[in-house]
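Participant: Sharing a structure with you now.
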Amino acid sequence: MTLFRSVLPLTLLVAGTTLSAQSPDPLAPTARWTAYQGGNAQLPPMGWNSWNAFFTEIDEEKLMGSAQRIVDTGLAKKGYRYINIDDGWWLKRRTSDGRLIIRADKFPSAQTGQGDPTFRPLTDRLHGMGFKAGIYSDLGRNSCSQAYSEGPAQLPEGSVVEREVGLYGHSDQDLRLFFAEWGFDAIKVDGCGIRAFAADAPRVRSGQYRALPPLIDQHSVARSNIPAVKALFADINQSLARYNPDGDYMLSLCIWGSANVRAWGKDVGNISRTSDDITPDWSRMLTNYDSAVRRAFYAHPGSWNDPDMLFIGKGDFDAAHLTEARSHFALWAMMNAPLLIGADLRTVPQSLLDIFGNGDLIAINQDAAGNQATIAFDSDDVQILVKSLANGDRAVALFNRTATPMQTVLTAEHLKFSANRPIALKDMWTGAANQFSGEQAFDLEPHQTLVFRATGERQLQDGLYLSEQPGSVNPAVDGVSHPEPDPTIHRSIPGWRGTRGVGERPLYAGWGGAMPDATPYNQPLAIAGKAFGSGVGVLANSRLEIRNEGFSRFTAQVGVDDSARDAAHPVRITVYGDGRRLASASARRGEAAKPIDVDVRGVAIVELVAQAPDAPGEMLPVSWGDAALRR
């Protein structure tokens, strides 16, 4: 029996009139795409940032030397266009008018002889070279280097108040300075100033800095004031729009996966850090990678997951570790992470420049469809990532996380291709071509990542599963009522703390979010004993927004997943098209999946709502089995 119909009774359609986007009910349809669309980041940003190479000791020679190297090596023509100044550029905040003063001794072009030092000559020069220019600030009064630096190198100088160089209390003034007066195009906003300056912090007790009650607790979502943090970013967004009327700017959120930002960063900025800082260590790279790889539905054109900058060029990713360096780059490309080089490009050898300049992998990262790769095979040893590309091809990465050689079998099912038709592979590292049907075995060296572009016949020939197009699916409300740390993220030894303390326990919230081809708690999708290889896993009390570009039908089999802990409460399931209710039904655990087949011709936004007002969503995972948009 078909429960959901393309043509519904008139009375049902009348009852389902479009609801206002101002409705206080978060599950009410908005008929809008609500993920962040401010600024200009339809593709993941590419460029260079000063921090990993120079920390606070940045100057004009180092900056421009790296920029010139990007031009000279051809990297600029391959898409690397942002040149970002990180911490260390400021001298002080003048108390008479609150204006920030540049370290003119480190940036000599800023001293024009006409008033205060200005970055306009520097940004004009970068613009003339074809680049965009980025600058750094902090949500609080003080910056990360002021909280954690072990030495005085290029820290702000002067009185306590003069050394308060962050945005707090000066947000609009500073953003006007950065964008309207100095001509910057991007800003990275850190959060140490609202994290590290509590009244009992040693540097506050010593009188070095004023106290600012923390809004963020890195180790506890419950102790973070999430509404207050979001409000600070809302002020930033308003100023960015005010001083960039052409909308050509980029906002980078850097609060390191704290305050549950992995759930809402997509609604606030263009790129959002999903974890603490990366270091040039394989184990730490795994932590940052894991913080983003299961979050494919939380990244879209305009708002991307950011597992931090590339650390290729040092430590486990230097020229003596090309296998690890290639894996690092390939994984970031597959995840649609920003490709921001952190090396001193003036000294980087050609072997590493070849990695940065791999045009095939850059094309995967910059693919117009904007789909972050999803996990087709998952284990602690080997993972297979698959990414749907705009032309119908797949990018596939076979990733050996371990220090042991592994054999991996790639199947047509991993790619969502037909098993009885030939599949062509092109190696993204060597260019070698291969072909197989059904499955193909590969040997992986320790820490190796093989990447291919695959061409074949899709399993679903008349459309796309939603899990094949995560860039078009936004979990506007994901049903998480009590954010929990994600236990699947690799827990490395923090380089800045070593083995002091009790170790790094699970700390990044995000467990229970919407998942492609799995439940929110990473279990196989199953409804009343029927398994689904494709689909979307959510929690009850969730609302998904789906962009529909030319499809005529939405189909799925939906129900309460067998993993649900609640068998008593029903879930009300509703499908909307541009705010109009198309159909609805009720489901309980143990009931067979409800078939969906609704007409969405001419509909721009399809919304899928699963509502259980009398039960927490965490108790009732809901599976949209085989959910697809079809011609």
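Numbering-wise, the sequence shown is residues 131 to 761 according to the numbering used here. C-beta: ideal position from N, C-alpha, C; glycine also. Given the structure is predicted, the values throughout are model-derived calculations rather than measurements.
Take Ile213 as the anchor and find which of Asp557, Ser196 and Ser382 has the nearest alpha-carbon.
Facilitator: Within the sequence shown, residue 213 is the residue found at index 83, counting from 1. If we check each option's Cα against that of Ile213, Ser196 comes out closest.
Participant: Start and end of the alpha helix (DSSP H) containing Tyr419?
Facilitator: As a working note, residue 419 is residue 289 in the sequence shown. Trp412 to Val423 is the extent of the alpha helix (DSSP H) around Tyr419.
Participant: Using three-state DSSP, classify Ala266 as helix, strand or coil.
Facilitator: Position 136 of the sequence shown, counted from the first residue, corresponds to residue 266. One point to set straight first is that residue 266 is Tyr, not Ala, in the sequence displayed. DSSP places Tyr266 in strand when its eight states are reduced to three.
Participant: By the three-class DSSP mapping on this structure, what secondary structure does Thr147 have?
Facilitator: Start at 1 with the first residue of the sequence shown, and residue 147 comes out as number 17. Residue confidence is low: Thr147 scores 31 on pLDDT, short of 50, so the model does not pin down where it sits. No coordinate-derived value is stated.
Participant: Would you mind stating whether Asn367 and Met380 have Cβ atoms separated by less than 9 Å?
Facilitator: On the sequence shown, residue 367 is found 237 positions in, with the first residue counted as 1. On the sequence shown, residue 380 is found 250 positions in, with the first residue counted as 1. Contact: no.
Participant: Short check: CB of Gly443 to CB of Asp484, under 9 Å?
Facilitator: By one-based count along the sequence shown, residue 443 stands at place 313. By one-based count along the sequence shown, residue 484 stands at place 354. For Gly443 and Asp484, no; Cβs fall outside 9 Å.
Participant: Look up Gly177 in the DSSP assignment and say whether it is helix, strand or coil.
Facilitator: On the sequence shown, position 47 is the one that residue 177 refers to. In this structure, Gly177 counts as strand in the three-state DSSP scheme.
Participant: Return the bridge partner residues of Pro751 from the DSSP annotation.
Facilitator: Locating residue 751 in the sequence shown gives position 621, counting from the first residue. Per DSSP, Leu669.
Participant: Quick check for students: name the residue ranges of the alpha helix (DSSP H) that lie wholly in the stretch 279-344, counting only runs of 4 or more.
Facilitator: 301-305 and 332-335, all fully within the stretch 279-344.
Participant: By Cβ distance, which residues of its chain are closer than 6 Å to Ala358, with the 5 residues on each side in sequence left out?
Facilitator: Along the sequence shown, read from residue 1 onward, the residue named residue 358 stands at position 228. Same-chain partners within the cutoff: Leu345.
Participant: Within this structure, are the beta carbons of Glu292 and Lys236 separated by less than 9 Å?
Facilitator: Locating residue 292 in the sequence shown gives position 162, where the first residue counts as 1. Locating residue 236 in the sequence shown gives position 106, where the first residue counts as 1. Contact: no.
Participant: Between Arg621 and Pro636, which are expected to be in contact by the criterion C-beta below 8 Å, what is the C-beta distance as a whole number of angstroms?
Facilitator: Start at 1 with the first residue of the sequence shown, and residue 621 comes out as number 491. Start at 1 with the first residue of the sequence shown, and residue 636 comes out as number 506. About 7 Å; that satisfies the 8 Å criterion.
Participant: To the nearest angstrom, report how far apart Val539 and Leu574 are at their CA atoms.
Facilitator: As a position in the sequence shown, residue 539 is number 409, starting the count at 1. As a position in the sequence shown, residue 574 is number 444, starting the count at 1. About 10 Å.
Participant: Mind checking which residues open and close the beta strand (DSSP E) that includes Pro725?
Facilitator: Counting from 1 along the sequence shown, the entry for residue 725 is found at position 595. Per DSSP, Pro725 belongs to the beta strand (DSSP E) from Lys724 to Asp729.
Participant: To the nearest angstrom, how far is the alpha carbon of Arg719 from that of Val690?
Facilitator: Counted from its first residue, the sequence shown places residue 719 at position 589. Counted from its first residue, the sequence shown places residue 690 at position 560. In a straight line, the C-alpha of Arg719 is about 5 Å away from that of Val690.
Participant: Determine the closest residue to Val728 out of Ala717, Gly707, Ala722 and Ala734, with distance taken between C-alpha atoms.
Facilitator: If you number the sequence shown from 1, residue 728 lands on position 598. Comparing Cα positions, the closest option is Gly707.
Participant: If you reduce the DSSP assignment to three classes, tell me which class Gln152 lands in.
Facilitator: Stepping through the sequence shown from its first residue, residue 152 is reached at position 22. Because Gln152 carries a pLDDT of 49, less than 50, the predicted location of this residue cannot be relied on, and the following value inherits that uncertainty. In the structure shown, Gln152 sits in coil (DSSP, three-state: anything other than H, G, I, E or B).
Participant: Look up Asn272 in the DSSP assignment and say whether it is helix, strand or coil.
Facilitator: Reading the sequence shown from its first residue, position 142 is the one you call residue 272. Of the three classes helix, strand and coil, the one that applies to Asn272 here is coil, per DSSP.
Participant: Please classify Ser289 as buried or exposed, where buried requires at least 16 neighbouring CB atoms within 10 angstroms.
Facilitator: For the purposes of this step, residue 289 is identified with residue 159 of the sequence shown, where counting begins at 1. Result: exposed.
Participant: Contact defined as beta carbons within less than 8 Å: I believe Ser421 pairs with Pro437. What is the distance between those atoms, to the nearest angstrom?
Facilitator: For the purposes of this step, residue 421 is taken as the residue at position 291 of the sequence shown. For the purposes of this step, residue 437 is taken as the residue at position 307 of the sequence shown. Rounded, the Cβ-Cβ distance is 6 Å, consistent with contact.
Participant: Are the CB atoms of Pro766 and Val610 nearer to each other than 9 Å?
Facilitator: Nothing can be reported for residue 766, as the shown portion of the chain is limited to 131 through 761.
Participant: Among the residues of its own chain, which have a CB less than 6 Å from the CB of Ala506, if the five just before and after it don't count?
Facilitator: Within the sequence shown, numbered from 1, the residue matching residue 506 stands at position 376. Answer for Ala506: Ile514, Val516 and His544, listed in chain order.
Participant: Quick one: what does DSSP say Ser405 is sitting in, helix, strand or coil?
Facilitator: For this step, residue 405 is matched to residue 275 along the sequence shown. The answer is coil: DSSP assigns Ser405 none of H, G, I, E or B.
Participant: CB-CB under 7 Å to Arg325, same chain, minus the five flanking residues each way: which ones, in chain order?
Facilitator: Counting from 1 along the sequence shown, the entry for residue 325 is found at position 195. These residues qualify, in order along the chain: Pro344, Ile346 and Gln348.
Participant: Going by alpha carbons, who is nearest to Gln172 out of Ile408, Thr532 and Asp497?
Facilitator: For the purposes of this step, residue 172 is identified with residue 42 of the sequence shown, where counting begins at 1. That would be Asp497, whose Cα lies nearest to the Cα of Gln172.
Participant: Quick check on Tyr212: does DSSP put it in helix, strand or coil?
Facilitator: Along the sequence shown, read from residue 1 onward, the residue named residue 212 stands at position 82. Correct three-state label for Tyr212: strand.
Participant: From Lys318, Ala371, Leu590 and Ile553, pick the residue whose C-alpha is nearest to that of Ser382; which is it?
Facilitator: The sequence position of residue 382 within the sequence shown is 252, counting from 1. Checked all of Lys318, Ala371, Leu590 and Ile553; the closest Cα to Ser382 is Lys318.
Participant: If you compare alpha carbons, which of Phe308, Gly323, Ala361 and Arg306 is closest to Glu294?
Facilitator: The sequence position of residue 294 within the sequence shown is 164, counting from 1. That would be Gly323, whose Cα lies nearest to the Cα of Glu294.
Participant: I think Ala740 touches Val701, with their Cβ atoms under 8 Å apart; what is that distance to the nearest whole Å?
Facilitator: Along the sequence shown, one-based indexing puts residue 740 at 610. Along the sequence shown, one-based indexing puts residue 701 at 571. At roughly 5 Å, the Cβ-Cβ gap stays under 8 Å, so Ala740 and Val701 are in contact.
Participant: Note down, in chain order, each residue of its chain lying with its Cβ closer than 6 Å to the Cβ of Trp434, except the 5 sequence neighbours on either side.
Facilitator: On the sequence shown, residue 434 is found 304 positions in, with the first residue counted as 1. Answer for Trp434: Pro174, Ile401 and Asn466, listed in chain order.
Participant: Of all the options Ala371, Ala503 and Ala449, which has the alpha carbon lying nearest to the alpha carbon of Tyr166?
Facilitator: Here residue 166 is taken as the residue at index 36 of the sequence shown, counted from 1. The shortest C-alpha separation from Tyr166 is found at Ala371.
Participant: Inspect the beta-carbon positions of Asp378 and Asp315 and report whether they are closer than 9 Å.
Facilitator: Looking up residue 378 in the sequence shown gives position 248. Looking up residue 315 in the sequence shown gives position 185. In this structure, Asp315 lies closer than 9 Å to Asp378 by Cβ.
Participant: I believe Phe768 touches Pro410 by the beta-carbon criterion, under 8 Å. Please report the beta-carbon distance rounded to the nearest angstrom.
Facilitator: The structure shown does not extend to residue 768, since the chain is modelled only from 131 through 761, so no value can be given for it.
Participant: Put Ile623 into one of helix, strand or coil per three-state DSSP.
Facilitator: Your numbering for residue 623 matches position 493 in the sequence shown. Ile623 falls in the coil class under three-state DSSP.
Participant: Which of helix, strand or coil does DSSP assign to Ser196?
Facilitator: The residue given as residue 196 occupies position 66 in the sequence shown. The answer is helix: DSSP assigns Ser196 an H, G or I state.
Participant: Where does Ala151 land, buried or exposed, given buried means 16+ other C-beta within 10 angstroms?
Facilitator: Position 21 of the sequence shown, counted from the first residue, corresponds to residue 151. For Ala151, the predicted model reports a pLDDT of 42, less than 50, meaning its position is unreliable and no value from the coordinates is stated.
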